[in-house]
Amino acid sequence: MSNTAERVNIVDTQVLSHDWYLLKKITFDYHRNNGEWQRQTREVYDRGNGAAILLFNREQRTVVLTRQFRLPVFVNGHDGLLIEVAAGLLEGAAPEQRIRDEAEEETGYRLHDVKKLFESHTSAGSLSYTVNIFVSYIHTAS
């Protein structure tokens, strides 16, 4: 079996929570390389997909970052304030448009040229989240 879809059979899906985002418990059979089928259960947290952007000033050789409070980091024993690139959830918008809006909202920069670099899957063992990664070159007078 070379097609991944042929190797996975979803047996059951249960919604555990649909408060902030969607948390599901999924039971599935997976066809292993040795030919055996193995039943597994995983919890999958679905919060939608997102976009992130690195704003780079070539003249000054600097980047623009934000500082935001993140509760999960706080409850994990840290102060909860993270230094991050501008980012946000897509919420139905196209990735490039959403990241333009987020960058302006979070940093004040109105972007002209935005280039998509790649897509990444963060914490892929438990999140269904795909983040679209962009870069934009900015000028001090933007």
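The sequence shown begins at 150 in this note's numbering and counts up by one.
Here a beta-carbon is modelled for each residue, glycine too, at the ideal position from N, C-alpha and C.
Count the other C-beta atoms from every protein chain shown that fall within 10 angstroms of the C-beta of Ala-201, then say buried if there are 16 or more, exposed otherwise. buried
Enumerate in chain order the residues of its own chain whose CB-to-CB distance from Leu-165 is below 6 Å, with the five nearest sequence positions on each side excluded. Leu-172 and Lys-174
Which of the three DSSP states is assigned to Glu-268 in this structure? strand
When you compare the CB positions of Glu-255 and Thr-215, do they come within less than 7 Å of one another, or not? yes
How should Ile-248 be labelled, buried or exposed, when 16 other C-beta atoms within 10 angstroms of its C-beta is the threshold for buried? buried
Could you compute how far the alpha carbon of Arg-210 sits from the alpha carbon of Ser-285? 13 Å
Helix, strand or coil at Asp-161 [DSSP, three-state]: strand
From Ala-243 to Ser-277, what distance separates their C-alpha atoms? 18 Å
Determine the burial state of Asn-183: buried for a count of at least 16 other Cβ atoms within 10 Å of its Cβ, exposed for fewer. exposed
Comparing alpha-carbon positions, which option in Gln-189, Phe-177, Phe-218 and Trp-169 lies nearest Asp-195? Trp-169
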